[in-house]
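Peer 1: Residue numbers (the working numbering): 6 to 277. For every residue, glycine included, the Cβ atom is placed at its ideal position computed from N, Cα and C. Let me give you the structure first, and then I'll get to my questions.
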């Protein structure tokens, strides 16, 4: 059996305007990334809360800090709006299931893959017809990342960071790549995390850790000056053309239009 490979690169992704009233089909080789900035949605919190299920509302009320409660309400509800747009389900009817590693999935649409990540005030949601994982990190200037080296990087990776002109940038680039790949595989940060590749270029995947022969792509991209992100997905090729970056509109009218326009179209789905 041919050894599976992963190709790792840095892509220059440009944000595309998301027009809620304009239908967009998720093609077989596309990765859609939806981004949102938390402060832009605070005023919508009460409206968004209404779209949560009973158990989600109860979970929201359990958060001690207001900021954590806000994040859960906004990020969870927006995720449901995105999934509703891609499934023709009503937002309130979106029910997330969880695998053994607590990765959410839609049992009703097993071939629609998605993943969410958030850090500080930003969140990103990746949607694809292939397995996908995404990670975003705020580049904290006060974080002493060197303490993590022996546990999460191999010798070549540690050497690359230590000899980099911008050590912080390199650390977060490598970290987000590993995290995105782990999430795409449905794994947590475990003893195998260290052996997930993160250096640029094409690399073989350890068959002892990766049991199928699927090839993967890991693509890093600069989100803002203070945030870095990476997306990992099953694929043989990746270009900036088939990874589309959208900004979620911060109005209830636009969010509702986002789902309604999909309901009037024959949305492509591989699980039908």
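Of all the alpha helix (DSSP H) runs that stay within the bounds of the region 135-160, which reach a length of 4 or more residues?
Peer 2: 154-157
Peer 1: Is residue 268 helix, strand or coil when you go by DSSP?
Peer 2: As a position in the chain shown, residue 268 is number 263, starting the count at 1. Because the pLDDT of residue 268 is 41, which lies under 50, any placement of that residue in the model is unreliable, and the number read from its coordinates should be weighed accordingly. Correct three-state label for residue 268: helix.
Peer 1: Quick one: residues in its chain with C-beta nearer than 7 Å to the C-beta of residue 89, no 5 flanking neighbours on either side, listed in chain order?
Peer 2: The residue you call residue 89 lines up with position 84 of the chain shown. Taken in chain order, the residues that qualify are 95, 96, 99 and 264.
Peer 1: If we count the other Cβ atoms within 10 Å of its Cβ and call it buried at 16 or more, is residue 105 buried or exposed?
Peer 2: The residue given as residue 105 occupies position 100 in the chain shown. By the neighbour-count rule (16 or more Cβ atoms within 10 Å), residue 105 is not buried but exposed.
Peer 1: With DSSP as the reference, identify every bridge partner of residue 110, one or two as the case may be.
Peer 2: In the chain shown, counting from the first residue as 1, residue 110 sits at position 105. As computed with DSSP, residue 110 is found in a beta bridge with 102.
Peer 1: Alpha carbon to alpha carbon, what distance is there between residue 113 and residue 133?
Peer 2: For this step, residue 133 is matched to residue 128 along the chain shown. For this step, residue 113 is matched to residue 108 along the chain shown. Taking the straight line joining both Cα atoms gives about 15 Å.
Peer 1: Could you compute how far the alpha carbon of residue 257 sits from the alpha carbon of residue 78?
Peer 2: For this step, residue 257 is matched to residue 252 along the chain shown. For this step, residue 78 is matched to residue 73 along the chain shown. Computed Cα separation, rounded: 14 Å.
Peer 1: For residue 185, which residues in the same chain have their Cβ closer than 7 Å to its Cβ, ignoring the five residues on either side in sequence?
Peer 2: Taking the first residue of the chain shown as position 1, residue 185 is located at position 180. If we look at residue 185 and ignore the five residues flanking it on each side, its Cβ neighbours are 138, 139, 140, 223, 235, 236 and 237.
Peer 1: Checking contacts by CB at 8 Å: is residue 257 closer than that to chain B?
Peer 2: In summary, chain B is missing from the structure at hand, where a single protein chain is found.
Peer 1: Between which residues of its own chain and residue 169 is the CB-CB distance below 7 Å, once the five residues before and five after are set aside?
Peer 2: Your numbering for residue 169 matches position 164 in the chain shown. 175, listed in sequence order.
Peer 1: Just list the beta strand (DSSP E) runs in the region 34-77, keeping only unbroken ones of 3 residues or longer that don't cross its boundaries, in chain order.
Peer 2: 36-42
Peer 1: Closest to residue 47 by CA distance: which of 117, 17, 76 and 154 is it?
Peer 2: Taking the chain shown and counting its residues from 1, one reaches residue 47 at position 42. Ranked by how close their Cα comes to the Cα of residue 47, the residues 117, 17, 76 and 154 have 76 in first place.
Peer 1: Quick check: the Cα distance between residue 205 and residue 229, rounded to an integer number of angstroms?
Peer 2: Within the chain shown, numbered from 1, the residue matching residue 205 stands at position 200. Within the chain shown, numbered from 1, the residue matching residue 229 stands at position 224. So the two alpha carbons sit approximately 21 Å from each other.
Peer 1: Assign residue 124 to one of two classes, buried (16 or more other C-beta atoms within 10 Å of its C-beta) or exposed (fewer than that).
Peer 2: Locating residue 124 in the chain shown gives position 119, counting from the first residue. Looking at its Cβ environment, which holds 16 or more other Cβ atoms inside 10 Å, residue 124 is buried.
Peer 1: Beta-carbon within less than 7 Å of residue 271's beta-carbon, same chain only, minus the 5 sequence neighbours each way: which residues are those?
Peer 2: For the purposes of this step, residue 271 is taken as the residue at position 266 of the chain shown. Confidence is the limiting factor: at residue 271 the pLDDT is only 35, short of 50, which leaves the residue's position unreliable, though a coordinate-based value still follows. Cβ within range, chain order: n/a, list empty.
Peer 1: Roughly how far, in whole angstroms, is the beta-carbon of residue 26 from the beta-carbon of residue 209, given that I think they are within contact range, below 8 Å?
Peer 2: For the purposes of this step, residue 26 is identified with residue 21 of the chain shown, where counting begins at 1. For the purposes of this step, residue 209 is identified with residue 204 of the chain shown, where counting begins at 1. Contact doesn't hold; Cβ gap of about 46 Å is too wide.
Peer 1: Please classify residue 277 as buried or exposed, where buried requires at least 16 other C-beta atoms within 10 Å of its C-beta.
Peer 2: Counting from one through the chain shown, the residue named residue 277 turns up at place 272. Because the pLDDT of residue 277 is 38, which lies under 50, any placement of that residue in the model is unreliable, and the question is left without a value.
Peer 1: What do you get for residue 66, buried or exposed, if any count of 16 or more other CB atoms within 10 angstroms of its CB means buried?
Peer 2: Position 61 of the chain shown, counted from the start, is the residue given in the question as residue 66. With fewer than 16 other CB atoms across the displayed protein chains lying within 10 angstroms of its CB, residue 66 is exposed.
Peer 1: How is residue 240 classed by DSSP in three states: helix, strand or coil?
Peer 2: Position 235 of the chain shown, counted from the start, is the residue given in the question as residue 240. Coil.
Peer 1: Once DSSP output is grouped into helix, strand and coil, what is the label at residue 13?
Peer 2: Numbered from its first residue, the chain shown carries residue 13 at position 8. Looking at residue 13 - three-state DSSP - the assignment turns out to be strand.
Peer 1: Looking only at its own chain, which residues have a Cβ that is under 8 Å from the Cβ of residue 64, when we skip the five neighbours before and after it?
Peer 2: One-based indexing of the chain shown puts residue 64 at position 59. Counting only Cβ-Cβ distances below 8 Å, and skipping sequence neighbours, we find 77.
Peer 1: What is the C-beta distance between residue 183 and residue 201, in whole angstroms, given that I count them as a contact (C-beta under 8 Å)?
Peer 2: One-based indexing of the chain shown puts residue 183 at position 178. One-based indexing of the chain shown puts residue 201 at position 196. Going by Cβ atoms, the distance from residue 183 to residue 201 rounds to 5 Å, so yes, they are a contact pair.
Peer 1: In chain order, what residues of the same chain have a beta carbon less than 7 Å from the beta carbon of residue 260, not counting five sequence neighbours either side?
Peer 2: The residue labelled residue 260 in the question sits at position 255 within the chain shown. Excluding positions up to five away in sequence, the list reads 86 and 254.
Peer 1: State buried or exposed for residue 213, treating a residue as buried only when at least 16 other CB atoms are found within 10 Å of its CB.
Peer 2: What you label residue 213 is simply residue 208 of the chain shown in a count that begins at 1. It counts as exposed.
Peer 1: Roughly how many angstroms separate the alpha carbons of residue 120 and residue 52, rounded to a whole number?
Peer 2: Within the chain shown, numbered from 1, the residue matching residue 120 stands at position 115. Within the chain shown, numbered from 1, the residue matching residue 52 stands at position 47. Each residue's alpha carbon lies about 24 Å from the other.
Peer 1: Quick check on the DSSP output: the beta strand (DSSP E) that includes residue 358 runs from which residue to which?
Peer 2: The requested residue 358 is not part of the displayed model; the chain covers only 6 to 277.
Peer 1: When the distance is taken between beta carbons, is residue 239 closer than 8 Å to residue 136?
Peer 2: Counted from its first residue, the chain shown places residue 136 at position 131. Counted from its first residue, the chain shown places residue 239 at position 234. Their beta carbons are under 8 Å apart, which means residue 136 touches residue 239 by this criterion.
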